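Structure first, commentary second.
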Amino acid sequence: MSGLNGKVALVTGGTGGIGSAICVKLAQAGCKVVSTYVDEAQANDWKAKMTAAGYDFGLVKCDVGSFDDCKAMGEKVNAEYGGVDILVNNAGITKDGTFRKMSGDQWNAVLTVNLDSVFNVTKQFIDGMLGKSWGRVINISSINGQKGQFGQTNYSAAKAGMHGFTMALAQETAKKGITVNSISPGYIGTEMVMAIAEEVRNQIIAQIPVGRLGKPEEIAALVGFLASEDGAFITGANIAANGGQHMC
Ligand code: NDP
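As structure tokens, then:
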């Protein structure tokens with residue numbers, strides 16, 4: 658992973674399962690890494706754990722679903738760190754239910770946090786990237802945005818929408834040294850997935866040709882590659898990392 662030393666990376670939801678692995682990977686590559694958070698107590702625990710492991714991560718409070726919050730966060734981060742070179746739009750939530758039972762609140766929450774957030778956050782940093790003629794925007798989408806998923810009309814729509822955003826912004830910024838890509842993970846062995854009953858989890862694993870869940874570090878490795886100079890020719894792509902569960 659060349660060319661990352663000294664770059665500033667912002668990871669939304671960096672305190673979560675996949676986000677933590679992304680923060681660690683980018684820090685190991687020499688980036689100054691800042692994560693957003695919502696839950697203050699959890700963020701403080703995370704920071705203490707990471708500090709003990711030798712990482713000096715920045716933390717900034719922000720509800721990525723709120724444009725005003727993102728604007729304030731952007732002003733703070735831009736002032737404190739001199740802009741963001743690598744933006745990883747990773748924060749996400751699910752609120753599952755079959756379409757007939759899905760409420761407007763479930764729909765809006767998932768679209769706001771997973772999709773509107775990509776607009777809200779990217780908007781704060783794209784001018785800075787254009788000014789430096791260098792930037793990386795990496796959007797963490799999902800296999801379920803590629804293939805759809807029973808009980809997830811909201812999440813599948815939001816995650817598919819993220820990739821539409823990716824392709825359009827990639828075209829608008831390619832000549833300016835900025836790449837914009839999506840990563841679509843399959844089932845990753847985060848706390849959330851490991852909390853699923855073992856029997857159900859085994860049924861999920863049975864559908865994955867490689868025969869196991871993915872590791873957060875495997876998604877982080879892809880982020881690191883896309884962020885680096887080695888990934889400079891990749892833009893507008895949606896890279897699947899799903900153990901062969903969905904091939905397209
Ligand atoms: P986690 O639940 O572990 O982490 C999600 C993160 O998003 C948390 O840090 C959380 O912060 C943050 N977040 C939630 N709501 C908001 C908000 N309104 N504003 C700011 N931050 C928010 O999830 P994962 O690590 O598993 O998932 C990371 C990404 O990967 C998500 O986008 C998810 O959709 C995607 N993904 C995950 C897969 C998996 O198998 N785990 C598979 C495919 C895609 P806080 O804790 O402070 O609330």
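Using the working numbering, read the sequence shown as starting at 658 and increasing by one per residue.
Beta carbons: idealized from backbone N, C-alpha and C, even for Gly.
Every value quoted in this text rests on a predicted model; they were computed, and no experiment measured them.
Apart from the five residues on each side of it in sequence, which residues of its chain come closer than 6 Å, Cβ to Cβ, to V668?
-> G676, I679, C680, S692, V745, N747
Go ahead and pull the three-state DSSP assignment for K752.
-> coil
Hey, V837 and A852: beta-carbon distance below 9 Å or not?
-> no
Does the beta carbon of M949 fall short of 8 Å from some heavy atom of ligand 1?
-> This structure does not reach residue 949, given that the chain is present from 658 up to 905, and the question cannot be answered.
Can you name the residues that DSSP bridges to T836?
-> R793
Backbone CA spacing between I891 and E855 [nearest angstrom] = 38 Å
Limits of the unbroken beta strand (DSSP E) element including A817 = Run containing A817: none in the beta strand (DSSP E); it sits in the alpha helix (DSSP H), 810 to 830.
Cβ-based burial, D713 [other Cβ within 10 Å; buried from 16] = exposed
Does any heavy atom of ligand 1 sit closer than 8 Å to the C-beta of T892?
-> no
A894 to R793 span [Cα, whole Å] = 13 Å
Round the Cβ separation of I783 and A666 to the nearest angstrom and send it over; I've been treating them as touching at under 8 Å.
-> Actually they are not in contact, since the Cβ atoms of I783 and A666 sit about 15 Å apart, beyond 8 Å.
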